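A.B. asks:
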Amino acid sequence: MAGFKSNPGQDRCGLADWLEKGLVYVMKIVDSAAAMQRQSAAWMRSGEVVGLVPTMGALHEGHLTLIRRARKECRRVVVSIYVNPTQFGPKEDLARYPRPRRQDLALCRAAGVDLVFAPENLYSPDHSTYVEETALSQGREGVSRPGHFRGVVTVVLKLFNLMRPTKAYFGQKDAQQVEVINRMVRDLDVPVKLVVVPIVRDPDGVALSSRNRYLSLGERAVAVEFAQLLQLAVKKKSNPGGWLEQQLRKASGLKLDYVELAGKRLCAAVFIGKTRLIDNERLS
Ligand code: AMP
Numbered sequence: 234m235a236g237f238k239s240n241p242g243q244d245r246c247g248l249a250d251w252l253e254k255g256l257v258y259v260m261k262i263v264d265s266a267a268a269m270q271r272q273s274a275a276w277m278r279s280g281e282v283v284g285l286v287p288t289m290g291a292l293h294e295g296h297l298t299l300i301r302r303a304r305k306e307c308r309r310v311v312v313s314i315y316v317n318p319t320q321f322g323p324k325e326d327l328a329r330y331p332r333p334r335r336q337d338l339a340l341c342r343a344a345g346v347d348l349v350f351a352p353e354n355l356y357s358p359d360h361s362t363y364v365e366e367t368a369l370s371q372g373r374e375g376v377s378r379p380g381h382f383r384g385v386v387t388v389v390l391k392l393f394n395l396m397r398p399t400k401a402y403f404g405q406k407d408a409q410q411v412e413v414i415n416r417m418v419r420d421l422d423v424p425v426k427l428v429v430v431p432i433v434r435d436p437d438g439v440a441l442s443s444r445n446r447y448l449s450l451g452e453r454a455v456a457v458e459f460a461q462l463l464q465l466a467v468k469k470k471s472n473p474g475g476w477l478e479q480q481l482r483k484a485s486g487l488k489l490d491y492v493e494l495a496g497k498r499l500c501a502a503v504f505i506g507k508t509r510l511i512d513n514e515r516l517s
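Dropping the structure here:
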């Protein structure tokens with residue numbers, strides 16, 4: 234779909250000319266790794282600043298905030314949409330993870346994204362190479378979701394290799410993911426600058442997440458309570474983690490997974506029905 238920014242006022246001007254002059258906006262959709270690499274090589278040759286926003290789709294305002302930040306800072310904005318199987322455990326929600334592809338593409342187009350990379354599959358049948366961060370990935374999500382960060386780090390490095398971004402945008406919502414990817418980039422000398430974007434919340438305080446759409450109305454009320462308790466906890470002068478853990482154990486409608494203080498951030502995960510939610514907030 235093409236949108237015309239202005240009339241160039243020239244006779245017999247073809248679409249190719251308009252594109253060349255930057256008068257027409259066309260969002261590219263690429264689904265093959267080889268085509269993606271050809272495009273990123275071309276951008277590299279012409280010295281373009283490329284911003285990558287890696288996502289699993291089912292885009293919401295949290296993702297869009299990352300995309301808008303990239304749009305402000307980079308000449309080219311690339312969004313990847315890939316539900317990466319290697320970061321899901323065998324009992325997790327890979328099969329039912331939402332995939333509203335048309336809506337995602339429309340949101341990307343409206344946000345002025347240059348290219349959406351949406352491969353069907355990124356792994357050869359005999360894929361056998363994984364990247365593992367061995368310190369920061371051990372606690373919290375690493376305990377509850379064994380193998381999760383191995384999958385995340387591997388796919389993020391694959392995306393970096395395919396897209397060669399100058400900058401890559403990640404949300405503070407996945408605090409431990411940011412820590413682990415930061416470490417991988419440092420340890421493996423990956424030439425990319427990471428940009429971390431604050432958590433976007435609904436007006437009721439719940440952190441936006443693609444998984445929120447699993448929640449029934451009653452479960453949503455429990456998610457609000459979870460968010461409120463976290464906000465109260467970070468204001469406690471003494472033992473905010475202990476206080477939050479106690480409150481979450483008492484709360485009805487949810488099952489506590491973990492509460493942990495990581496540096497100055499209080500991080501927590503709960504199950505509400507079958508849905509697992511994570512959240513974090515800086516101590517105040
Ligand atoms: P996902 O599609 O869940 O893998 O998320 C893609 C990126 O969006 C990750 O860097 C997330 O941390 C980020 N993200 C997801 N939800 C939010 C949110 N509520 N606020 C800020 N960033 C978010």
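The opening residue of the sequence shown carries number 234 in the numbering used here; numbering runs sequentially from there.
Yeah, the Cβ is synthetic: ideal placement off N, Cα and C, and Gly gets one too.
In this text, all values refer to a predicted model and were calculated from it rather than measured experimentally.
Check each candidate in Leu292, Pro379, Ala303, Ala339 and name the one with the smallest Cα separation from Gly284.
C.D. replies: As a working note, residue 284 is residue 51 in the sequence shown. Taking only the C-alpha atoms, the option nearest Gly284 is Ala303.
A.B. asks: When you compare the CB positions of Leu465 and Asp512, do they come within less than 7 Å of one another, or not?
C.D. replies: Here the question's residue 465 lines up with position 232 in the sequence shown. Here the question's residue 512 lines up with position 279 in the sequence shown. Against a cut-off of 7 Å, the Cβ pair of Asp512 and Leu465 comes out as no contact.
A.B. asks: What distance in whole Å lies between the Cβ atoms of Gln405 and Val388, which are believed to be in contact at a cut-off of 8 Å?
C.D. replies: Residue 388 sits at position 155 when you count from the first residue of the sequence shown. Residue 405 sits at position 172 when you count from the first residue of the sequence shown. With a contact defined as Cβ atoms closer than 8 Å, Val388 and Gln405 miss out at about 20 Å.
A.B. asks: Go ahead and label Glu514 buried or exposed: buried means 16 or more other beta carbons lie within 10 angstroms of its beta carbon, across all protein chains shown.
C.D. replies: For the purposes of this step, residue 514 is identified with residue 281 of the sequence shown, where counting begins at 1. Label assigned to Glu514: buried.
A.B. asks: When the Cα atoms are used, what is the spatial distance from Ala268 to Ala408?
C.D. replies: Walking along the sequence shown from the start, residue 268 turns up at place 35. Walking along the sequence shown from the start, residue 408 turns up at place 175. Approximately 32 Å, taken between the alpha carbons.
A.B. asks: Distance, Cα to Cα, Ala426 vs Ala401?
C.D. replies: Residue 426 sits at position 193 when you count from the first residue of the sequence shown. Residue 401 sits at position 168 when you count from the first residue of the sequence shown. The sequence shown places Lys at residue 426, rather than the Ala named in the question. Taking the straight line from one Cα to the other gives about 6 Å.
A.B. asks: Just curious, the beta strand (DSSP E) that Arg498 is in, first and last residue?
C.D. replies: Sequence index remark: in the sequence shown, residue 498 carries index 265 (1-based). Start and end: 498 to 505.
A.B. asks: Please determine, among Cys500, Gly496, Ser449, the residue with the shortest C-alpha to C-alpha distance to Trp476.
C.D. replies: Within the sequence shown, numbered from 1, the residue matching residue 476 stands at position 243. The residue with the shortest Cα to Cα distance from Trp476 is Cys500.
A.B. asks: Return helix, strand or coil for Arg416, following the three-state DSSP convention.
C.D. replies: Numbered from 1 along the sequence shown, position 183 holds the residue referred to as residue 416. In the structure shown, Arg416 sits in a helix (DSSP, three-state: H, G or I).
A.B. asks: Rounded to whole angstroms, what's the CA-CA distance from Ser239 to Ile262? Just pull it up for me.
C.D. replies: On the sequence shown, residue 239 is found 6 positions in, with the first residue counted as 1. On the sequence shown, residue 262 is found 29 positions in, with the first residue counted as 1. Note that Ser239 scores a pLDDT of 49, beneath 50, so its modelled location is shaky; the value from the coordinates is reported in the next line. Straight-line Cα distance between these residues: approximately 23 Å.
A.B. asks: Of all the alpha helix (DSSP H) runs that stay within the bounds of the stretch 288 to 364, which reach a length of 4 or more residues?
C.D. replies: Whole alpha helix (DSSP H) segments, 4+ residues: 294 to 306, 334 to 343.
A.B. asks: Could you compute how far the alpha carbon of Pro436 sits from the alpha carbon of Thr362?
C.D. replies: Taking the first residue of the sequence shown as position 1, residue 436 is located at position 203. Taking the first residue of the sequence shown as position 1, residue 362 is located at position 129. Taking the straight line from one Cα to the other gives about 42 Å.
A.B. asks: Under a three-way DSSP split, which group does Arg373 fall into?
C.D. replies: Counting from one through the sequence shown, the residue named residue 373 turns up at place 140. Arg373: coil per DSSP, three-state reduction.
A.B. asks: Taking the alpha-carbon positions, what's the Arg419 to Val413 distance?
C.D. replies: The count along the sequence shown starts at 1 and reaches residue 419 at position 186. The count along the sequence shown starts at 1 and reaches residue 413 at position 180. Whole-angstrom Cα-Cα distance: 10 Å.
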